[in-house]
Structures are given as structure tokens and as C-alpha cells.
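Asker: Questions regarding the structure given below will be posed in turn.
Residue numbers (full-length UniProt numbering): 1 to 455.
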């Protein structure tokens, strides 16, 4: 979901709360203009966890309108659930396609993903969506998921060996979640949180699921029932403003947006807004090698590279053994690899040329797998905003998100700043944001019946 929220009145490092002149200085947070008519007091509302019934819109007289900014995984999940509850939804996406970082390519007998390769079902909301979208029959499970590797002293080491200091202490009857928590803590200390969430989630969570053709089947299913007026592609959001008439409880949010190739902006009104964003750069490099040219063709899920392994000449974040997991993704005489470069470790390297990155990846694969010669195929995709920076100010970012949600009635956040970067966590974030929107609109309706002023 590569979109842009443009502000011409504030700097990218500041988010202004409309109440009492409070300002939050938070680096690595999106530039966002939010305007509010301070002459009117804000409505009081309480969040409930009850979900609205499918005919809630009819009970209120007309369906409420919700804007979703960003048509990535979390935005599409939020929109899908909101539509199921009878709400009118409009999604704004600056790119020419929906699906965010889930993008799959088929070429020359190869199938590869330029973003996430797999998805776990550890989040309850993932199962909910798979059932509702009738995608269970399209799941495919990696055949070599039991072997995972980590680079150590410049060489790949079995993941299980690295885990033994943690797992041997566990009782036979210990819950899986306890083991996962220990493993996650280990990786966060050694790799950094963005690598834990983006690459390690399938390593920790056991079975993973992907579509035989691609993970983008999931986002295609989420988009299937969206009309042209509901999914506005190539539409960049310019400004969000909040303010409602004294006796009104509806359409207090105004979204100003402009088509990519049109300087003339348009404006629509909504009852609530779901915002999604993403950040750090990441390059994804697809390579294939003739099987006879790979001296150590490890069977397994992939190999991860800790930051300290840079001293041993390794510069990538990690490599997934795509054709080992899914043999139908490459001809029988080739190995297909998906390698990640960038993140907080090497932001500048992520922006390097295809030729330079090919040399980096080939060098790492030669050292780790004994890959000889040049790859028979290569493809490079650069995500300028792949994931957020989980740095020393991460807690401040979360606090800013929470304050915005509290201080801006009808504003909700969904995305990978909160909860984690994996596909499953992004889906979960979108569904949870939808639940909060539904609860907010229910409570606003109850306020109207009780005679309370909305703002």
C-alpha cells in the first residue's frame, strides 16, 4: 500500500492533536494534516467490543459512510468487514493496484512473490477471513517447512540447534505460545523487530499457508465485490479534516483527495476514517540457479542472516528457498530463491541498482549455499515503504497513535506499526480496526437517541 498523505502546513515529524493545542513530536510517523473546528466540543463516546449486526445500517435509517486510506492488506481487511456489517465503504489508494505488499508474478515457468511469501494462521481473524472468502480449498502448505537455517560464522546452521537453549527447558506439556514467545524474544534481540515480524513469523509459528498460485489470491478475494466508487485507485489523499454541525452525528470527517494525474482535488464526507501506513525501504531479489551449480542445496524454509554476520561478509537479511517450499514454482532443473535486502540494517543498500544487488545476493548465496556462477534468472523489486522502523522511539509512535484515536472521534488506525509486520497480523489489525469503527458508530447513534451533542 504505497500511498502518500501530503501535508503543506506541518512537518513530517509532527502530528497535531486538535484539542488544546497539544502537539506530539514523533519521528518516523506519516505526515498528516488534520484540521478541527475547536469552537465545537467533541462528542463523548465509549468503545465496546460488541459487533454490530448486519442490519445495523437499516436500524439507523441509512448506512454510515467510512473512508479507508490505503488498499493494502490491513485496509482491505477493514473494508471487507465493514461492508459485511452494512456500512458504505470507500477505499483511497494512491497506487494503480490494490493489495499492498502482496504482489505475485508468473514468468518463464516461474512464480514468485515480490513481498510476503507465506502467511500463518496464528491470528483468529485470519481463519475468519479464509472461511468467509472460501479460500480453504486453495491453501498450500510448504513441503520442507521443518528445516530452517540461520547464518552463524558465515555458514548456515539448523534453526533447531539455535533454539535448543530455549526449548530444552520447556515442559512436555508447555503451551506452544510459551515456546513462541521465547523464540520471538531471542530473535528480536539478535535480528531486530522488523526482521522478526517480516521474515521470522513463518519460522516460529509452525505451519504456514499460501495459495498454490500466489498470496495475492487473498487480496483479490477481498477486492472482488468492491465497485469502482468503493475502491478509488490512483487517488492520493491530501487532507483529512474533522468538524460537524452542532446537531449532527453524521459525516463529520472530510477527506480531500486527488487523482494522480489530476491537479483538481475532490472532497467527500464520512462518519469515520481508517488510516493505514508503512515505511522502511526493502529490496526483494528473485534469482534462479541450475541445480547442478548449487553445491549445498539445503532443504528447508530458508536462511536468516543476523546483523553481526555482516562482519563475515554477509549483507542480506535472509533468503527463502521458494522452490523447496513450493516445487511448482520453478522448473524441475532450477532452484528459485527469494532474497531480502534493506530494512533498518541497510537502508541505502536497499536503494542500490539491480546489478549491485545481484552481486550482493550472488555473493551471499555463494557463501551460504555454494551457488556457483551467475544466476540464470534475476528479478528485482524495490519497496520504497515496506515496513515501519521499530527503533528506540517505537513506544512514542504507539502512544501517538493511541492519542490520535482517543482525541479524534471516528479516527482509527490499522497497519503494521501496531501488532507486527506479517500478513496475518496486518489482516488482524484491519479487522480489529473495523470492530472499533462499528462500536464507535453504534455509540454515536446511542448518543443521538439520548440527546447528547456529538461534537
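C-beta atoms are modelled at their ideal positions from N, C-alpha and C, and glycine is treated no differently.
Computed from a predicted structure; not experimentally measured.
Does DSSP classify residue 259 as helix, strand or coil?
Answerer: In the structure shown, residue 259 sits in a strand (DSSP, three-state: E or B).
Asker: Do you know offhand how far residue 220's Cα is from residue 97's?
Answerer: Residue 220 and residue 97: Cα-Cα distance of roughly 10 Å.
Asker: Taking one C-beta from the region 305-315 and one from the region 349-369 each time, how about it: are there three or more such pairs within less than 8 Å?
Answerer: Yes, the region 305-315 is in contact with the region 349-369.
Asker: What did DSSP end up calling residue 158 once you bin it into helix, strand or coil?
Answerer: Residue state, collapsed to three classes: strand.
Asker: Can you check whether the CB of residue 66 is closer than 7 Å to the CB of residue 92?
Answerer: Contact: no.
Asker: Judging by CA-CA distance, which residue of 301, 432, 424, 422 is the nearest neighbour of residue 413?
Answerer: That would be 432, whose Cα lies nearest to the Cα of residue 413.
Asker: Which residue spans inside the region 293-342 form an unbroken alpha helix (DSSP H) run of at least 4?
Answerer: Correct list: 322-325.
Asker: Does the region 295-307 come close enough to the region 254-268 to have 3 or more Cβ pairs within less than 8 Å?
Answerer: In short, these stretches do not touch, since the Cβ pair count stays below three.
Asker: Could you pull the DSSP bridge partners for residue 272 from this structure?
Answerer: Paired residues: 66.
Asker: Just reading off the alpha helix (DSSP H) that residue 359 is part of, what are its end residues?
Answerer: Taken as a continuous stretch (DSSP letters only), the alpha helix (DSSP H) holding residue 359 covers 354-369.
Asker: Which value, in whole angstroms, describes the spacing of the CA atoms of residue 310 and residue 425?
Answerer: Looking at the two C-alpha atoms, the distance is approximately 29 Å.
Asker: Taking Cβ to Cβ, would you say residue 138 is nearer than 7 Å to residue 441?
Answerer: No; because the gap between Cβ atoms is not below 7 Å, this pair is not in contact.
Asker: Going by alpha carbons, who is nearest to residue 439 out of 85, 71, 76, 73?
Answerer: Of 85, 71, 76, 73, the residue nearest in Cα terms is 85.
Asker: Please report the Cβ distance between residue 334 and residue 291, rounded to the nearest whole angstrom; I am assuming they are in contact, meaning their Cβ atoms lie under 8 Å.
Answerer: Going by Cβ atoms, the distance from residue 334 to residue 291 rounds to 7 Å, so yes, they are a contact pair.
Asker: With 16 other CB atoms within 10 Å as the buried threshold, where does residue 223 fall?
Answerer: The residue in question, residue 223, is buried, as its Cβ has 16 or more Cβ neighbours within 10 Å.
Asker: Taking just the CA atoms, how far does residue 241 sit from residue 90?
Answerer: Using only the alpha carbons, I get a separation of about 16 Å.
Asker: Residue 435: which of 382, 274, 402 sits nearest, CA to CA?
Answerer: Comparing Cα positions, the closest option is 274.
Asker: Can you give the beta carbon distance from residue 427 to residue 230, rounded, assuming they're within the 8 Å contact cut?
Answerer: At roughly 19 Å, the Cβ-Cβ gap does not stay under 8 Å, so residue 427 and residue 230 are not in contact.
Asker: May I have the straight-line CA-CA distance separating residue 404 from residue 398, to the nearest angstrom?
Answerer: Roughly 10 Å between the two C-alpha positions.
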